[in-house]
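Undergrad: Residue 31 is where the sequence shown starts when you use the working numbering, and the numbers rise one by one after that. Glycine included, every Cβ here is placed at the ideal spot set by N, Cα and C. Computed from a predicted structure; not experimentally measured.
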Amino acid sequence: MVININRIKVWIFIGLLIGATVFFSGCVFDEAPNSPGNEYSVQTPPSTIARPPSLFINASSIKPSFLSGETVEVDITFRNTDEDPVVIDSFPPEIILSNPTSGIVRNYPCGSDTITLEPGESIDYILKWDQRDSDGDGADPGIYLVKVSDVSYYENGAKKVIFPEGADIASVIIEYPQGAIEGEIFVHHSEKLNGYLVTLENITFTPTVSTIYIVLHSVDNSFFRTTDQTNTPLPTPPAGLNPLGYYRIDDGPEKEFTCTGYRVVDETIVLLWDFEPVPTDVGELHFVITSLGDWEGYCEIHVDVSNSTINLLSV
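Spelled out as structure tokens, the structure:
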């Protein structure tokens with residue numbers, strides 16, 4: 031269903047001067063330093079090369095999304111990629127279902143079977159979830175992560191453990207009964223706020239993910255330092271930077287973004303934040319940044335879907 035947007039109002043409230051100028055988190059868009067457009071991104075230092083585990087695990091949802099109340103099925107594959115047999119102890123391993131906002135929803139303890147996989151052999155385990163939490167209550171529509179934890183196996187008599195702290199291997203989506211918005215809001219409206227030109231470019235909606243696209247351009251301040259040798263601008267994220275924020279749908283609870291990322295292009299920071307699908311009967315969306323490193327303030331974006339008028343206000 032494609033929503034018909036009649037009016038869009040955007041308010042941005044920033045309580046304190048943004049002291050932190052560049053931030054990033056889980057999802058970073060890597061760009062080559064010499065790519066066209068002078069794009070830069072923080073690169074992760076290469077880690078020490080280590081032999082990968084012999085037991086490879088991946089998973090996928092049987093369907094892109096599930097109706098409310100429908101049994102959710104996830105296919106989890108265990109594959110021996112080594113030249114020697116591996117023996118999986120306590121099969122299947124512990125499986126945890128969680129929501130980015132509400133945390134752990136359902137926990138499946140490890141099984142008691144022992145599985146031997148010959149070189150190149152694999153086995154599939156189908157997780158079936160009735161969409162109920164540990165208390166027997168129905169799960170709300172949204173995104174749920176599938177995690178495996180503390181997977182132990184034996185190789186040549188030696189016990190090995192992977193994912194001792196758990197690792198997300200798949201995600202599933204429970205649909206809203208009324209359906210999710212599909213479409214895009216084109217805004218491209220800017221306001222100078224405390225030395226930064228803040229532009230809300232657009233918001234995209236699909237049945238599986240929503241994304242808000244914001245651009246920050248330094249006006250009275252600079253996101254960058256320059257080197258003495260090449261005069262090349264480099265991103266300088268403050269030490270200990272830990273962006274904190276949330277979003278809300280109408281008057282609902284605070285929700286965590288499913289993914290946050292950034293891209294640096296010349297003197298501009300492009301922010302791309304993913305969040306859960308949005309129901310078609312939504313009235314307002316609220317996006318809030320509560321902290322950026324040493325800066326502790328309040329930045330809130332309200333989107334009222336009602337008419338073609340666009341206002342960007344700051345206080």
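Using alpha carbons as the reference points, say which of Asn232, Asp311, Ile211, Ser142 lies closest to Ser220.
TA: Indexing the sequence shown from 1 puts residue 220 at position 190. Of Asn232, Asp311, Ile211, Ser142, the residue nearest in Cα terms is Asn232.
Undergrad: Would you decide whether Ala169 is buried or exposed? Buried here means 16 or more other CB atoms lie within 10 Å of its CB.
TA: Translated into positions along the sequence shown, residue 169 becomes position 139. Counting Cβ neighbours within 10 Å, Ala169 comes out buried, since at least 16 surround it.
Undergrad: Kindly list the residues whose CB is nearer than 6 Å to the CB of Thr107, restricted to its own chain and excluding five residues on each side of it in sequence; keep chain order.
TA: If you number the sequence shown from 1, residue 107 lands on position 77. Cβ within range, chain order: Asn88, Ser152, Asp154.
Undergrad: Go to Leu97, then tell me how far its beta strand (DSSP E) extends in each direction, as first and last residue.
TA: Sequence index remark: in the sequence shown, residue 97 carries index 67 (1-based). Note, Leu97: premise wrong, no beta strand (DSSP E); not H, not E.
Undergrad: In three-state terms, what does DSSP make of Thr78?
TA: Taking the first residue of the sequence shown as position 1, residue 78 is located at position 48. In this prediction, Thr78 scores a pLDDT of 46, lower than 50, which makes its location untrustworthy; the coordinate-derived value is nonetheless stated afterwards. Note: Thr78 maps to coil in three-state DSSP.
Undergrad: I'd like the span of the beta strand (DSSP E) that includes Val300, first residue to last.
TA: Position 270 of the sequence shown holds residue 300. Element bounds for Val300: 298 to 305.
Undergrad: Given that a residue counts as buried once 16 or more other Cβ atoms are within 10 Å of its Cβ, and exposed if not, what is Asn129?
TA: In the sequence shown, the residue the question calls residue 129 occupies position 99. Per the 10 Å Cβ criterion, buried.
Undergrad: Whose C-alpha, out of Pro171, Gly150, Pro122, is nearest the C-alpha of Tyr138?
TA: Here the question's residue 138 lines up with position 108 in the sequence shown. Out of Pro171, Gly150, Pro122, Pro122 has the C-alpha closest to the C-alpha of Tyr138.
Undergrad: Quick check on the DSSP output: the beta strand (DSSP E) that includes Glu185 runs from which residue to which?
TA: Counting from one through the sequence shown, the residue named residue 185 turns up at place 155. Element bounds for Glu185: 181 to 185.
Undergrad: If you draw a straight line from the C-alpha of Lys285 to the C-alpha of Asp304, how long is it?
TA: As a position in the sequence shown, residue 285 is number 255, starting the count at 1. As a position in the sequence shown, residue 304 is number 274, starting the count at 1. Rounded to the nearest angstrom, the two C-alpha atoms are 12 Å apart.
Undergrad: What does DSSP give as the partner residue(s) for Gly172 in the beta ladder?
TA: Stepping through the sequence shown from its first residue, residue 172 is reached at position 142. In DSSP, Gly172 forms a bridge with Ile204.
Undergrad: Would Leu315 pass as a contact of Tyr276 if the rule is Cβ separation under 8 Å?
TA: For the purposes of this step, residue 315 is taken as residue 285 along the sequence shown, with counting starting at 1. For the purposes of this step, residue 276 is taken as residue 246 along the sequence shown, with counting starting at 1. No, the Cβ-Cβ distance between Leu315 and Tyr276 is not below 8 Å.
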